Amino acid sequence: MNLDGLDGFSIEVPSWAYGNSGTRFKVFTTRGVPRNPYEKISDAAQVNKLTGLANRVSLHIPWDVVDDWADLRRHAEDNGVAIGAINSNLFQEDEYRLGSLCNPDPAIRRKAVDHHLQCLDVMRATGSTDLKVWLPDGLNYPGQDSLRGRQERLAESLRAIYDAMDPDQRMLLEYKLFEPAFYSMDIPDWGTSLLHCLALGEQATVVLDTGHHAPGTNIEFIVMQLLRQNRLGAFDFNSRFYADDDLIVGAADPFQLFRILSEIVAAGAHRPESGINFMLDQCHNIEDKIPGQIRSVLNVEQALAKALLIDQEALAEAQRAGDVLAANAILMDAYETDVRGVLADRREARGLPRDPVAAYLASGYGEKTASERVGGTQAGWGA
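Per the numbering used here, the very first residue in the sequence shown carries number 342; after that it's consecutive.
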């Protein structure tokens with residue numbers, strides 16, 4: 342079983358996944374969650390230490406603001422990880438009630454642009470090259486604002502941010518079908534994101550979040566199209582049953598995760614040179630934070646391993662011959678292969694635990710942080 346394609350593959354984990362999180366009704370607290378960005382990075386480093394697959398940590402601004410960015414970067418490097426994408430925040434300011442980059446008020450749009458310029462400075466200080474933009478702007482009622490006018494304002498705002506970027510920096514532009522707006526989101530789908538990226542230039546690419554689509558959407562088709570245009574910049578991996586549920590990757594539909602990664606493998610886009618940033622974006626409401634992240638990382642690894650087992654030559658031959666059943670069987674044979682033992686052997690050969698979740702539980706790290714992290718502000722949404 343040849344899994345050489347796993348070499349060099351890595352997944353970025355989000356700093357916000359390690360803090361307290363919840364639903365619209367309640368934020369659930371957990372003993373020992375981080376109180377600051379340093380402790381978030383320390384927790385994220387545990388995932389990499391046990392899996393060997395999570396060597397970058399996404400930060401969220403202003404949630405992760407510190408006085409000394411160089412010191413935070415050193416802290417990450419000392420823990421064996423690097424600072425990954427810098428995420429902007431456009432959904433917590435009172436002024437953004439009617440939008441941020443699309444707001445009718447030019448002063449508010451300027452504030453939102455300036456926030457992204459601050460994020461670019463953070464990137465320069467931490468060594469990050471990716472600016473991730475999720476736009477919560479939208480409308481709740483027909484007639485509330487001009488749909489076309491908002492797109493024009495968005496294009497102008499994005500251009501101001503894009504023109505301030507360094508040559509080695511990228512803009513990762515995310516989309517979402519609905520929420521927080523319910524009549525129309527200003528970037529509701531991959532086509533809208535792609536159009537803005539094409540207008541901006543080569544340093545603008547699309548972020549695909551697996552929870553941001555209508556039910557029944559063929560996500561692997563979107564993956565294929567963005568790969569064809571060389572505009573798939575990053576993934577936000579999570580899982581959903583109904584909407585943007587932000588659950589552990591593969592929890593709802595592991596076959597969908599396999600199908601997505603099959604398109605990635607077919608294009609060779611799983612390799613580091615593709616430039617695609619594979620990231621997690623999930624907030625654990627009821628499960629422990631670090632084991633939840635470990636489980637997601639392992640689920641992505643397992644789905645990728647299965648995708649690597651697809652006999653691409655035989656599949657192409659069956660497709661050319663119009664042999665529907667044979668082509669489907671080739672795909673299903675790979676999916677139904679149990680790769681868990683082989684992946685455990687591979688981890689062991691690399692000096693990693695066969696079972697990272699069990700190793701974490703046995704390490705005592707959770708009990709240690711629960712006893713030490715007393716006082717201060719426990720990190721959560723907006724902390």
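For glycine and all other residues, C-beta sits at the position ideal for the given N, C-alpha and C. Given the structure is predicted, the values throughout are model-derived calculations rather than measurements.
Item	Value
Short Cβ contact (8 angstroms threshold) for R511 with T533	no
Secondary structure of I589, DSSP reduced to three states	coil
Distance CB(V287)-CB(K647) smaller than 8 angstroms	With the chain covering 342 to 724 only, the question about residue 287 has no answer from this structure.
Alpha carbon of I601 to alpha carbon of A584, nearest angstrom	18 angstroms
Three-pair Cβ contact test at 8 angstroms for the region 577 to 597 versus the region 465 to 472	no
Residue range of the beta strand (DSSP E) that includes I424	423 to 428
Nearest residue (CA-CA) to V683, options L650, R636, I563, A395	L650
Neighbour-count burial assignment, T370, 16 or more Cβ in a 10 Å radius	exposed
Span of the beta strand (DSSP E), counted from its first residue to its last, around E353	353 to 355
Straight-line Cα distance separating A448 from A593	43 angstroms
Nearest to L554 (by Cα), restricted to the options C538, A358, K367, K517	Checking the sequence shown, residue 554 turns out to be His, not Leu. It is K517 whose Cα lies nearest to the Cα of H554.
Other residues of its chain near G346: CB distance less than 8 angstroms, five sequence neighbours each side excluded	V606, H611, R612, L645, L649
V680 CB to nearest heavy atom of the ligand ZN below 7 angstroms	As presented, the structure is devoid of all ligands, the ligand ZN included, so that no description of it is given.
T337, DSSP secondary structure in three states	Since the first and last residues shown for the chain are 342 and 724, residue 337 lies out of range.
Ordered list of beta strand (DSSP E) runs contained in the region 475 to 549, each at least 3 residues	511 to 515
Inter-residue spacing [alpha-carbon to alpha-carbon] between W722 and Y379	The predicted position of W722 is uncertain, since its pLDDT is 48 and thus under 50; a value taken from the coordinates is nonetheless stated next. Cα to Cα, W722 sits roughly 16 angstroms from Y379.
Three-state class that DSSP yields for M342 in the structure shown	coil
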